[in-house]
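For the sequence shown, counting from 1, position 159 maps to 159 in UniProt numbering; every step adds exactly one. Just so it is clear, CB atoms sit at the ideal spot from N, CA and C, and this is done for glycine as well. Contents: one structure, followed by commentary.
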Amino acid sequence: MNADWDVTTLLEGMVRDLRPRVDPEQTAMIGIFTGGVWIAQALHRALGLKTALGQLDISFYRDDFSQIGLHPQVRASDIPFAVDGRSIILVDDVLYTGRTIRAAMNEIFDYGRPANILLAVLVDRGGHEVPVAADIAALRLNAAAGGQIKLRGPDPLRLELLTSPRTAS
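Written out as structure tokens, the structure is:
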């Protein structure tokens with residue numbers, strides 16, 4: 001079974017929720033590769049943020065790095081602004097266990113100490129394993145274990161809920 005959502009409408013809701021919480025002149029934004037960068041690019045444009053968009057690849061910061069090894073498509077992180085004292089919006093596509101966000105925050109703190117970090121995600125699917133919560137989520141679901149929520153893109157962006165067929169017992 002597949003369920004599809006209109007990503008444009010979800011992004012418009014995120015912009016509405018973020019606008020009162022950002023100063024376009026001072027707030028910085030960082031997207032997590034890959035889907036988080038796609039979402040961050042759209043939000044960054046819509047909010048008119050003046051600071052260049054940052055991009056993180058958290059591959060080396062994952063807590064399972066020693067078990068899974070290096071992903072074949074590791075990209076360089078790029079934070080083109082001073083992090084110290086800055087308000088940052090951290091953007092990802094899907095919040096699930098919270099481990100990706102934990103890794104991203106560890107990497108951000110290697111660049112400096114931000115004033116605060118606001119977490120914005122397209123989908124919070126529940127099932128958190130670490131105490132991480134989205135400040136802004138366009139969609140909050142309680143997705144079944146074994147199901148997968150996937151953002152496809154970058155053009156057009158398409159969000160899908162993929163459920164695996166039940167196996168006979």
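- Measuring C-alpha to C-alpha distances from W38 to each of Y111, D92, T163 identifies D92 as the nearest.
- Scanning its chain for C-beta atoms nearer than 7 Å, with the 5 sequence neighbours on each side dropped, one finds around Q148 the residues L162, in chain order.
- By the beta-carbon neighbour count (other beta carbons within 10 angstroms, threshold 16), V22 is buried.
- For the 8 Å CB-CB criterion, R125 and L141 form a contact.
- In this structure, the alpha-carbon of F109 lies about 18 Å from that of A133.
- Out of Y96, P24, M29, the CA that lies nearest to the CA of P80 is found in M29.
- Around the beta-carbon of D155, fewer than 16 other beta-carbon atoms lie within 10 Å, marking it exposed.
- With respect to A42, L11 sits close: the two C-beta atoms are nearer than 8 Å.
- The beta-carbon separation of V83 and S59, rounded to 19 Å, does not stay under the 8 Å limit for a contact.
- I117 and L159 have their C-alpha atoms some 25 Å from each other.
- In the structure shown, G35 falls within a helical segment according to DSSP collapsed to helix, strand and coil.
- For H128, the closest of T100, R45, A120, G112 by C-alpha to C-alpha distance is T100.
- The closest CA to that of A138, considering only L157, V123, R19, G54, is found on V123.
- Across the structure, I88 and T27 are spaced so that their CA atoms are roughly 6 Å apart.
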